[in-house]
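Worksheet: one structure, shown below.
In the UniProt record's numbering, the protein residues as written are 1 to 174.
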């Protein structure tokens, strides 16, 4: 098959060629800025599902936070230079007063949930704590932190319900 001459390739090819010549003719800092402007951005955070086994069954730690529209799991945004597992452990301590070493956390399966509509990624971890562990909240960032029976959860915030569905938990689970 022979190559077509530039005159026979069409206007789309010509437009692409002009665009790429102009783009690669720009200084590298301008190209980076243009690419960052046009590329989708995602916010990265970490959440942790903390379970407790009791004689009555398994329980899941849920938080009620402002504005108080549904319950959620502990989690938050990663700090610059922080690993996702460190973020999950930090957020658990800040929001529920439960201090765990990162060695006590394990990646959930799946470990990352991509929320395409909200453009964020949750790195998800799991941990188990003894039945005598009681969460403590500051009342400002978190109103309540309670272990709820996993088969009888309170009304969940929609993002939390969607996230938990990936693990077969909650109202959206199949």
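Just so you know, even glycine gets a beta-carbon here, dropped at the ideal spot from N, CA and C.
Residue 23 versus residue 38 - alpha carbon distance: 13 Å
With distances taken from CA atoms, which of 140, 174 and 134 is nearest residue 61? 134
Please report the straight-line C-alpha distance between residue 113 and residue 53, rounded to a whole angstrom. 25 Å
Return the Cβ separation of residue 89 and residue 145 in integer angstroms, given the expectation that the two are a contact with Cβ distance under 8 Å. With a Cβ gap of about 16 Å, residue 89 and residue 145 do not count as contacting.
What does DSSP give as the partner residue(s) for residue 49 in the beta ladder? 126
Classify residue 59 as buried or exposed, calling it buried when 16 or more other Cβ atoms lie within 10 Å of its own Cβ. buried
Out of 68, 71, 91 and 72, point me to the one whose CA is closest to residue 79's CA. 91
Opening and closing residue of the alpha helix (DSSP H) in which residue 159 lies: 158-165
Can you name the start and end residues of the alpha helix (DSSP H) that residue 38 belongs to? 28-38
For residue 59, which residues does DSSP report across the bridge? 52 and 149
I need the DSSP call for residue 84, collapsed to helix, strand or coil. helix
Could you check if residue 43 is buried or exposed, using at least 16 other CB atoms within 10 Å of its CB as the buried criterion? exposed
On a CA-only basis, which of 34, 51, 156 and 41 is nearest residue 71? Give me that one, please. 156
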